[in-house]
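Protein chains in written order, with the UniProt record's numbering: chain Y, 1 to 344; chain F, 1 to 344.
Protein chains: 2
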Amino acid sequence: MKPATLKEIAQKLNISVSTASKALKDYPDVSKKTKALVHELAKTLNYKPNSLAVNLRNKETKTIGLIVPEVVHHFFSSVIKGIISQAEKKGYLVIILQSNESYKLEKKQLNLLMQQRVDGILISLANGTADFMHLNEIVAQDKPLVMFDKIAKLVRCSKVIIDDRKAAYDATQHLIDIGCKKIAHFRGALLPQNSIDRFLGYKKALLDNQMDYDPSLVYICECGDKSFEEGKTNALQLLEDHTDVDGIFINTDLVAIGALTAFQEKGIQVPNDIAVVGFSNWFMSSVISPSLTTINQPGFLMGKTAFKQLYKEIKSKKKNKPIALKEIILQTDLIQRASTTLSS
Amino acid sequence: MKPATLKEIAQKLNISVSTASKALKDYPDVSKKTKALVHELAKTLNYKPNSLAVNLRNKETKTIGLIVPEVVHHFFSSVIKGIISQAEKKGYLVIILQSNESYKLEKKQLNLLMQQRVDGILISLANGTADFMHLNEIVAQDKPLVMFDKIAKLVRCSKVIIDDRKAAYDATQHLIDIGCKKIAHFRGALLPQNSIDRFLGYKKALLDNQMDYDPSLVYICECGDKSFEEGKTNALQLLEDHTDVDGIFINTDLVAIGALTAFQEKGIQVPNDIAVVGFSNWFMSSVISPSLTTINQPGFLMGKTAFKQLYKEIKSKKKNKPIALKEIILQTDLIQRASTTLSS
DNA sequence: TTAGCTTACGAAAATGATTTCGTAATTGAC
DNA sequence: GTCAATTACGAAATCATTTTCGTAAGCTAA
Chain Y
1 MKPATLKEIA QKLNISVSTA SKALKDYPDV SKKTKALVHE LAKTLNYKPN
51 SLAVNLRNKE TKTIGLIVPE VVHHFFSSVI KGIISQAEKK GYLVIILQSN
101 ESYKLEKKQL NLLMQQRVDG ILISLANGTA DFMHLNEIVA QDKPLVMFDK
151 IAKLVRCSKV IIDDRKAAYD ATQHLIDIGC KKIAHFRGAL LPQNSIDRFL
201 GYKKALLDNQ MDYDPSLVYI CECGDKSFEE GKTNALQLLE DHTDVDGIFI
251 NTDLVAIGAL TAFQEKGIQV PNDIAVVGFS NWFMSSVISP SLTTINQPGF
301 LMGKTAFKQL YKEIKSKKKN KPIALKEIIL QTDLIQRAST TLSS
Chain F
1 MKPATLKEIA QKLNISVSTA SKALKDYPDV SKKTKALVHE LAKTLNYKPN
51 SLAVNLRNKE TKTIGLIVPE VVHHFFSSVI KGIISQAEKK GYLVIILQSN
101 ESYKLEKKQL NLLMQQRVDG ILISLANGTA DFMHLNEIVA QDKPLVMFDK
151 IAKLVRCSKV IIDDRKAAYD ATQHLIDIGC KKIAHFRGAL LPQNSIDRFL
201 GYKKALLDNQ MDYDPSLVYI CECGDKSFEE GKTNALQLLE DHTDVDGIFI
251 NTDLVAIGAL TAFQEKGIQV PNDIAVVGFS NWFMSSVISP SLTTINQPGF
301 LMGKTAFKQL YKEIKSKKKN KPIALKEIIL QTDLIQRAST TLSS
């Protein structure tokens with residue numbers, strides 16, 4: 001039961017392949033009778049155009065590539081959902097790859113996608129990515145590329161992000177507003193732009209409020225698949241290093257939840273002893289106890305927006321129009337929950 | 001900067017396309033000198049074979065399709081991770097689609113994948129899927145198909161599942177063992193095989209222990225994207241309907257967490273008033289309070305296993321060998337946590 | 001010298017669909 | 001009856017690659 005081809009249809013009806021093709025595509029220069037015959041036979045044979053052949057001719061695959069650092073991750077899976085739902089509307093399929101936060105893998109996967117001749121690429125960078133040659137190559141080869149969330153500022157392509165600095169500023173300001181005097185920060189890895197920006201937002205909020213910035217209050221988490229454990233160990237370390245901390249702004253919810261767990265085990269009261277703010281608004285954060293104050297990061301919308309921009313660029317390219325690069329910044333907001341709501 | 005083709009290489013070197021092709025593939029009937037020239041030029045032009053043309057000729061795409069009901073879902077994203085990590089090892093790319101638990105969408109997406117000429121398909125069925133014509137068509141067209149987790153027993157294809165009935169039996173038995181006398185069940189939707197099996201396991205455990213099976217103790221959740229809310233409302237309803245229930249076995253962790261939240265709000269003590277067992281071992285379940293006893297469902301392994309089976313079938317088909325269909329059952333185990341650990 | 005062999009290359013078919021161009025047959029107008 | 005227009009179809013090129021099958025040229029052995 002091999003899939004039928006145009007050739008077979010043509011042979012059975014004693015017409016040429018070109019006529020069969022034109023009949024199916026409703027060209028005006030095919031008689032109604034022939035059209036009817038072709039359509040009928042196509043249906044009974046369950047004919048579906050071989051997309052490989054079509055793509056080869058049209059030089060497009062109607063497929064895009066997506067690289068994320070990690071799939072089992074509330075934020076990224078929301079982004080994925082946003083992307084594939086939007087892509088489907090436009091008739092695009094999505095090939096998903098996971099870089100495992102590895103620069104090497106990311107590079108290899110970009111090559112794979114180029115070889116596969118995807119029409120465009122969406123990517124959120126791995127933590128390990130320090131140089132951008134592999135990305136610049138994509139751009140140089142004129143392949144539409146949109147980066148989201150974890151981006152490289154220096155690569156000439158469109159970007160969809162949040163204002164990490166502002167969001168972090170808001171989070172820190174919130175801790176200050178509820179009366180915190182000594183605020184720690186669990187930051188992300190050193191390289192990613194967003195973890196840098198969140199750190200800078202934290203620092204600026206402190207300085208704007210005439211509070212000291214103390215580097216020893218900043219702890220680093222890789223935020224890989226050990227985030228929860230990192231949160232715990234960092235929290236325990238913090239308790240040893242500083243007895244008088246009364247607030248923490250943490251780079252990611254999962255790390256924050258690790259910290260909350262450690263505090264619970266040590267008998268530290270959250271928020272009364274230490275108030276905690278996370279980042280991302282994972283679903284989990286609303287159901288744990290105490291529920292976690294956090295920054296809502298619109299994953300689904302980010303995915304949707306990133307695809308839309310990529311789609312525009314693919315279209316432009318097809319028409320040989322210049323591509324207008326954009327940097328789109330999505331809105332975030334602070335969601336206050338129990339971890340910063342003092343009972344007083 | 002269009003990607004280079006064999007033709008261009010051939011023209012620049014004044015040789016034929018066939019010679020260029022053979023040079024790159026190291027055929028014996030090309031002189032070393034020519035080979036060297038071709039390889040060199042290919043490198044400087046950054047030549048990559050056009051996979052569309054290659055695929056058209058070889059009639060394979062090195063691509064598989066994956067349909068899941070929902071992407072933002074701890075279990076399914078673990079499965080996805082297992083699949084794409086394994087697929088990458090074998091040089092396969094994965095196109096991911098989300099059926100949103102809709103039969104109609106699932107059908108449409110299967111068609112899309114067939115049109116795209118993927119080499120094989122992995123699927124976990126939507127709750128809404130009641131007839132299996134669309135799946136039987138895939139099988140009839142001789143396209144390798146492996147179902148996992150939410151399967152249809154009647155479709156002739158390989159399956160990777162857990163023993164849902166046994167797992168549910170174990171969960172219920174555990175509640176009985178810790179002394180529960182009246183055990184409710186929040187089951188999944190009516191159609192999916194696994195929600196049926198879990199229900200049957202629950203029932204069998206009751207009867208094996210000479211306990212009454214009371215249909216009014218069984219509540220239904222659709223387990224879509226409103227799982228958490230369903231858990232809450234079901235729990236509240238249960239409290240109204242039956243005052244003396246002391247244990248619940250719940251179809252999915254997320255629903256169970258909704259129930260826990262409702263109990264907490266109503267001042268019901270878990271586990272002392274009501275003990276709760278979930279299903280799936282979402283990461284969340286280990287960090288909420290009280291932590292949730294649950295059945296560990298090995299998502300990553302399931303994905304890996306499903307791809308391996310699909311890969312075998314793809315290989316067999318290519319060699320025109322008969323395909324040996326398999327039903328692979330993965331091990332589950334009960335993870336006891338606070339929600340069933342009585343303080344006595 | 002010629003039959004047989006190796007070496008190194010190219011022509012061409014094949015994959016399946018699309019589209020341009022050409023052509024035969026029919027119709028209509030004058 | 002002739003020219004022009006219309007209708008309905010097919011041949012062939014195209015996309016990029018792969019692979020089979022030739023076929024020259026050069027060499028050796030009888």
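Glycine residues also receive a C-beta, built at the ideal position from the N, C-alpha and C atoms.
Chain-order list of residues whose beta-carbon lies under 7 Å from that of residue i (same chain, five-residue window excluded)
i	result
residue 382 (chain F)	The structure shown does not extend to residue 382 (chain F), since chain F is modelled only from 1 through 344, so no value can be given for it.
K266 (chain F)	L239
A4 (chain F)	L45, N46, Y47
K308 (chain F)	Q86
I329 (chain Y)	I161, I162, D163
L325 (chain Y)	R156, C157, S158
V30 (chain Y)	T19, K22, A23
Cutoff 6 Å; reference residue i; Cβ partners in own chain excluding five residues on either side
i	result
D164 (chain F)	N194, D197, R198
F148 (chain F)	S124, V160, M302, A306
A167 (chain F)	I295, T332
V146 (chain F)	L122, S158, A306, Q309, L310
N55 (chain Y)	T61
L206 (chain Y)	Y213
L6 (chain F)	V17, A20, S21
L217 (chain F)	A184
Selection from the options that minimises the alpha carbon distance to residue i
i	options	result
A126 (chain Y)	Y:D119, Y:F300, Y:Q109, Y:V139	Y:Q109
D212 (chain F)	F:A171, F:L191, F:P290, F:A184	F:A184
N136 (chain Y)	Y:E106, Y:L105, Y:R156	Y:R156
K2 (chain F)	Y:A262, Y:P215, Y:N320, Y:T341	Y:N320
F283 (chain Y)	Y:N50, Y:K315, Y:I83, Y:H73	Y:H73
K312 (chain F)	F:I84, F:D119, F:D177	F:D119
Q237 (chain F)	F:K22, F:G247, F:A262	F:A262
G128 (chain F)	F:K203, F:E101, F:E229, F:R57	F:E101
L154 (chain F)	F:G82, F:L334, F:A189, F:E327	F:E327
Y219 (chain Y)	Y:K204, Y:E229, Y:A235	Y:A235
Chain-order list of residues whose beta-carbon lies under 8 Å from that of residue i (same chain, five-residue window excluded)
i	result
Q116 (chain Y)	T61, T63, G65, I95
A130 (chain F)	Y103, L191
Limits of the unbroken alpha helix (DSSP H) element including residue i
i	result
E106 (chain Y)	103-115
V277 (chain Y)	Premise fails: V277 (chain Y) lies in the beta strand (DSSP E), 275-277, not in any alpha helix (DSSP H).
T305 (chain F)	299-318
L342 (chain F)	Here L342 (chain F) belongs to no alpha helix (DSSP H), and DSSP marks it neither H nor E.
F199 (chain F)	193-208
H134 (chain F)	133-140
K90 (chain Y)	Premise fails: K90 (chain Y) is in no alpha helix (DSSP H) and is neither H nor E.
I257 (chain F)	253-266
V38 (chain Y)	32-44
V54 (chain F)	51-58
G231 (chain F)	227-241
L24 (chain F)	17-24
Segment limits, beta strand (DSSP E) that includes residue i
i	result
D333 (chain F)	333-335
V146 (chain F)	145-148
N296 (chain Y)	294-296
I220 (chain Y)	218-220
Chain-ordered chain Y contacts of residue i [CB-CB under 8 Å]
i	result
T261 (chain F)	V287
T61 (chain F)	L52
Chain-ordered chain F contacts of residue i [CB-CB under 7 Å]
i	result
V94 (chain Y)	I95, I96
R117 (chain Y)	N50, S51, L52
Beta-carbon neighbours of residue i, restricted to chain Y and to distances below 7 Å
i	result
I257 (chain F)	V287
L135 (chain F)	Neighbours of L135 (chain F) on chain Y: none; closest Cβ ~15 Å, over 7 Å.
Interface residues of chain Y facing residue i [CB-CB closer than 9 Å]
i	result
L122 (chain F)	Result: empty, since nearest Cβ-Cβ is about 13 Å, beyond 9 Å.
M114 (chain F)	P3, K48
Check: residue i C-beta below 6 Å from any heavy atom of the ligand FAD
i	result
N136 (chain Y)	Of the ligands one can find in the structure shown there are none, so the ligand FAD has no counterpart to examine.
*Between the stretch 68-84 of chain Y and chain F, which residues of the former have a C-beta closer than 9 Å to a C-beta of the latter?*
Closer than 9 Å at the C-beta level to chain F, one finds these residues of the stretch 68-84 of chain Y: E70, V71, V72, H73, H74, F76, S77, S78, I80, K81, I84.
*chain Y contacts from the stretch 140-153 of chain F (Cβ-Cβ distance under 7 Å)*: Listed in sequence order: A140, Q141, D142.
_Within 7 Å of chain Y by C-beta, residues of the stretch 26-57 of chain F in sequence order_ = Result list: K48, N50, S51, L52, A53, N55, L56.
*Using a Cβ-Cβ cut-off of less than 7 Å, list which residues of the stretch 273-299 of chain F approach chain Y; keep chain order.*
Legend: CB atoms of the stretch 273-299 of chain F lying less than 7 Å from CB atoms of chain Y belong to residues M284, V287, I288, S289.
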